[in-house]
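Residue numbers (the working numbering): 19 to 391.
We put the CB at the ideal spot given by N, CA and C, even for glycine.
Everything numeric in this text was worked out from a predicted model, so none of it was measured.
What follows is one structure encoded as structure tokens, with my remarks underneath.
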Amino acid sequence: MATYIEEDCHLTLAQLYNRTNNDYLSQISPDFILTYPRPELHVSHVSHSTDLKGLQGICADRGFRNPKGTGLVWFSLTVTPDDLWDAESRSMRIVRRKGAKEKIKLVTPEGKQGPFLSKFATSPAFLSSSRYGSYRLTFDLGTSWSGTNGRPRFRVRAREVLEHSNADSLQFCGGYQPEMKIWKTELYKQEVMYVVLVHSPSDRFSQSQYPPLTEKNRICAFREKPEPHFIWRPQAMSEKHRFNLSWNRDNAVFVFPDQHRLFMWDHVTLALVVDDKVLGFNSDELRRSLRYCEEGYPAVDKSIKFQNYYQAKKEVDKLWRYPWKLWNYNRSGCSTLTEEDTGLSVCVICDWWAWSGRSGGVVRAIQGRGQGD
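Here it is as structure tokens:
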């Protein structure tokens, strides 16, 4: 369970450190801190992870809903290696020993393989495994998917979903123009979850006290151009710090091993208000977006049941009688898979039938906790 919750704001780690008593947050103290990056990530994928019971419900409903009465559907931002490469081309904030901060543009030495940020992107928010179940449905914000049989649409093509609105609103339900708001910050033992509320102007949140999500938000924002994407500025990419960052006078970056230190990790989740409706997709779209995930540790709830690949494949074949392979979820292929292979490239973490919140537990898994999972 969350040890601290504050609504109406997204608190930085430094602010949480000053307001709470958390051993892992103490690692950001100038006496302990290692040199590490705080990049700006441009994320164009969202995802949902669940167990077999949740997948069966999604298949039966042809979409996502919350049967527990909260009326919320949870998604998480999903970062691909391409997103990390991209971030390395921009200036980024570096936190140094003694707490000093500076913003510089680092250069990857010639011949170096792979983004150096991948050395630091080791928290559950960046892993291919799942703590919420063996199944993950991934969606690309540049792809348009619409519901059938009169169900509300979830259209994530920017030019189609951002109608008559600014860059901070998301059209996810046909006939409505949803808004994005800063809902809350939740602190767990070693995890910080930032929740963005997505809702229609006509629902119960329209007159709420929650402030709109704008570019001024230091944690995350949403932009429509040049392609629809979220901007996320992670403050703690590593659950365990294993490396230290250094660079020379030419700003050529070097990463070298350091002592292991446990640290906080943070992630962003989206809570979509659907009330008693279904966030609808057709059956083919759901199947193409589906991937198998290895079990992540620890699971957010003891009631979550994981399957090995062969068990999962057998269960999926019962739900969809198509001759399609059940691919393993691989974050490295998230941005390059073809439509034939997968329908979406994002992870929405949420246990529809055990609703609670994604990156933190079954309950939290559905609320969005595990959405960086």
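Range covered by the beta strand (DSSP E) that runs through residue i
i	result
Glu197	Glu197 to Leu205
Glu209	Glu209 to His217
Trp92	Leu90 to Leu95
Tyr22	Tyr22 to Glu25
Arg56	Tyr54 to Arg56
Asn262	Lys258 to Trp265
Leu288	Trp283 to Val291
Asp158	Tyr153 to Asp158
Range covered by the alpha helix (DSSP H) that runs through residue i
i	result
Ile8	Here the chain comprises residues numbered 19 to 391, so residue 8 is not present and cannot be evaluated.
Arg306	Ser301 to Ser307
Tyr328	Tyr327 to Leu337
Arg4	Any question about residue 4 goes unanswered here, given that the chain covers just 19 to 391.
Leu102	Pro99 to Glu106
8 Å contact criterion, which residue i and residue j should meet: CB distance rounded
i	j	result
Val216	Val291	7 Å
Leu43	Val64	Not confirmed; about 27 Å, so no contact.
Phe50	Leu288	Not confirmed; about 32 Å, so no contact.
Pro229	Asp26	6 Å
Leu145	Gly314	6 Å
Asn83	Leu280	Note on residue identity: the sequence assigns Arg, not Asn, to residue 83. Contact flag wrong, Cβ pair sits at about 37 Å.
Leu337	Gln74	7 Å
Close-in-space but distant-in-sequence residues of the same chain around residue i (CB under 6 Å, 5 per side omitted)
i	result
Gly361	In this prediction, Gly361 scores a pLDDT of 34, lower than 50, which makes its location untrustworthy; the coordinate-derived value is nonetheless stated afterwards. Cβ within range, chain order: Glu303, Arg306 and Ser307.
Tyr327	Tyr310
Tyr22	Thr38 and Leu205
Val334	Leu344
Asp293	Gly89
Arg260	His278
Asn266	none
Ala330	Ser152 and Tyr310
Glu312	Ser147
Trp201	Val213, Leu215 and Tyr228
Asn346	Tyr310
Contact set for residue i: own chain, Cβ-Cβ below 7 Å, skip 5 residues either direction
i	result
Ala185	For Ala185, the pLDDT reaches just 28, beneath the cut-off of 50, and the residue's location in the model is therefore unreliable, although a value from the coordinates is still provided. Cβ neighbours of Ala185 beyond the five flanking positions: Phe240, Arg241 and Glu242.
Gly351	Residue placement at Gly351 is flagged as unreliable, the pLDDT there being 40, under the threshold of 50; a coordinate-derived value is accordingly withheld.
Ser109	Lys121, Ile122 and Lys123
Trp342	Arg305
Gln253	Thr30, Leu31, Arg56 and Asp284
Ala105	Pro57, Glu58, Leu59 and Leu135
Ser62	Asp158, Leu159, Gly160, Glu245, Pro246 and His247
Arg111	Arg56, Lys119 and Lys121
Tyr340	Arg305
Asn167	Low confidence applies to Asn167: its pLDDT is 41, below 50, so where it sits in the model is not reliable, and the reading given next is rough at best. If we look at Asn167 and ignore the five residues flanking it on each side, it has no Cβ neighbours.
Gln227	Asp26
DSSP bridge partner residues for residue i (one or two, in chain order)
i	result
Phe248	Val61 and Phe240
Lys119	Val113
Ser148	Glu313
Asn346	Tyr310
Ser67	Arg154
Gly298	Gly81
Pro275	Phe261
Leu280	Lys258
Pro230	Lys199
Nonlocal neighbours in the same chain, by C-beta distance under 8 Å from residue i, ignoring five residues either side
i	result
Asp69	Tyr150, Gly151, Ser152, Tyr153, Ile322, Lys323, Phe324, Asp369 and Ala372
Thr53	Ile112, Val113, Arg114, Arg115, Asn262, Leu263 and Ser264
Lys258	Thr140, His278, Arg279, Leu280 and Phe281
Ile76	Thr68, Phe82, Leu155, Leu304 and Trp370
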